[in-house]
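With the first letter of the sequence shown counted as 1, position 213 gets the number 216 in this note's numbering; the numbers rise by one all the way through.
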Amino acid sequence: MAQEYGARFPAWVTTEWLNLPEEIAPQLADTATAWVRAWRRMDGPVVNEMSERMYGIARDLVRSRREAPLPVEDDPASSLLAERVDGRPLDEEHLVGALRQSLVVGMVAPPILLGSICVHLSRDRELQHRLRTQPHLLPAAVEEFLRLYTPYRGFARTAAHEVELHGRTVRPAEPVTLVYASANRDADQFPDPDDFVLDRPNIASHLAFGRGRHRCAGMPLARLAVLVALEELLAGTGGFELDGPLEGARMPEIGYVSVPLRLTAGAA
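And the structure:
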């Protein structure tokens, strides 16, 4: 579920919103999957090779839009090419880098989240049935799944200047890791934090997409993509259950990266 459906679906989403040729979708799915697997096993040469392939897709996209731009309201690459800062266009490096980063971030998190959701629903068949028969509950369910199974558990930063925090002195250049996903299971904020609770009154305060100036810019697209993926999975099956060993992610990710499922056909 995570490495096949979970990887192919976001490749098609990315291809759609970046207006890429259809043949790019399977290529992007295979490249991103190979990149992530190599990254997890610390295989530097393969990481670099797959990363360069994604840079190649981004460079080709910039070149194509220079030759034949699309309406800026409908196309991210054309919008970036039309952008001006103090009257000057963005540097080629920034254009390619921004688009390449869009290819990456849209491919890494969805497979883990979808895998974790499927593990949860395989273990809670009553909830699975309820969401299948009452699809209007899915938007609220997606928010609770995001709270429970945020794909990234934290990030690292380096202190710019000395600061005193909770009785601890953090010094310049000292690396700090913030496991912000733990806030989503803070019992003071979310009663019964390890339980799935539909329509939590304060669900909007979860930190699945971060907070403040670094909050994920792709939130609307991510929510829509997860909603559609889960909606289609439930509508296209009569049921599903775990059918093999699970493989968990490592830092900085959290969740499942391999989720074998046995699918039951739905009613004709």
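Even for Gly, the Cβ is constructed at its ideal location relative to N, Cα and C.
Note that the structure is predicted; figures quoted are calculated from it, not measured.
DSSP state of residue i mapped onto helix, strand, coil
{"i": "TYR155", "result": "strand"}
{"i": "PRO24", "result": "coil"}
{"i": "LEU264", "result": "strand"}
{"i": "ARG87", "result": "strand"}
{"i": "LEU140", "result": "helix"}
{"i": "PRO72", "result": "coil"}
{"i": "PRO194", "result": "coil"}
{"i": "ARG44", "result": "coil"}
{"i": "PRO92", "result": "strand"}
{"i": "VAL99", "result": "helix"}
{"i": "PHE212", "result": "coil"}
{"i": "ASP63", "result": "helix"}
{"i": "MET4", "result": "coil"}
{"i": "ALA10", "result": "helix"}
{"i": "ALA32", "result": "helix"}
Beta-carbon proximity check, residue i vs residue j, cutoff 8 Å
{"i": "PRO175", "j": "ALA159", "result": "no"}
{"i": "PRO255", "j": "ARG156", "result": "yes"}
{"i": "CYS5", "j": "ALA28", "result": "In the sequence on display, residue 5 carries Ala and not Cys. Cβ distance not < 8 Å, so ALA5 and ALA28 don't count as in contact."}
{"i": "VAL16", "j": "GLY109", "result": "yes"}
{"i": "PRO138", "j": "GLU234", "result": "yes"}
{"i": "LEU141", "j": "PHE199", "result": "no"}
{"i": "ARG253", "j": "ARG43", "result": "yes"}
{"i": "VAL107", "j": "MET57", "result": "yes"}
{"i": "ARG203", "j": "GLU147", "result": "yes"}
Spatial neighbours of residue i in its chain, beta-carbon cut-off 7 Å, leaving aside the 5 residues before and after
{"i": "ALA144", "result": "LEU134 and LEU201"}
{"i": "ASP246", "result": "PRO263, LEU264 and ARG265"}
{"i": "GLY9", "result": "PRO113, PRO114, LEU117 and GLY118"}
{"i": "ALA232", "result": "PHE12 and LEU117"}
{"i": "ALA80", "result": "LEU21, LEU64, VAL65, ARG68 and LEU102"}
{"i": "LEU93", "result": "LEU83 and GLU86"}
Own chain residues within Cβ distance below 6 Å of residue i, not counting five before or after
{"i": "ASP127", "result": "none"}
{"i": "SER119", "result": "TYR152, GLY258 and TYR259"}
{"i": "ASP78", "result": "ASN22"}
Chain D within 8 Å of residue i, Cβ atoms only
{"i": "PRO29", "result": "Included in the structure is just one protein chain, with no chain D present."}
Identity of the residues DSSP links to residue i by a beta bridge
{"i": "TYR259", "result": "GLY251"}
{"i": "LEU275", "result": "The requested residue 275 does not occur in the structure, where the chain is confined to residues 4 to 271."}
{"i": "GLU167", "result": "THR172"}
{"i": "LEU304", "result": "In the structure displayed, the chain extends from 4 to 271; residue 304 sits before or after that span and is not available."}
Cβ-heavy atom distance, residue i to the ligand SAH, below 7 Å
{"i": "ARG218", "result": "Looking at this structure, you won't find the ligand SAH or any other ligand, since it has none at all."}
Same chain only: Cβ atoms within 8 Å of residue i, ignoring 5 sequence neighbours per side
{"i": "GLU165", "result": "THR172, VAL173, ARG174 and PRO175"}
{"i": "LEU124", "result": "LEU130, GLN131, LEU134 and PHE243"}
Exercise. Touch check for the segment 5-23 and the segment 66-80: three-plus C-beta pairs under 8 Å?
Worked result: With the cut-off at 8 Å, the segment 5-23 and the segment 66-80 touch.
Problem set entry | At least three beta-carbon pairs within less than 8 Å, the segment 217-231 to the segment 107-121 | Three or more beta-carbon pairs separated by less than 8 Å link the segment 217-231 to the segment 107-121, which places the two stretches in contact.
For this session: Could you tell me whether the segment 32-43 touches the segment 70-88, using the rule of 3 or more Cβ pairs below 8 Å?
Result: By the Cβ criterion, the segment 32-43 is not in contact with the segment 70-88, since fewer than three pairs of Cβ atoms, one from each stretch, lie closer than 8 Å.
Exercise. Are the segment 195-213 and the segment 177-186 touching, with three or more C-beta to C-beta distances below 8 Å?
Worked result: By the Cβ criterion, the segment 195-213 is in contact with the segment 177-186, since at least three pairs of Cβ atoms, one from each stretch, lie closer than 8 Å.
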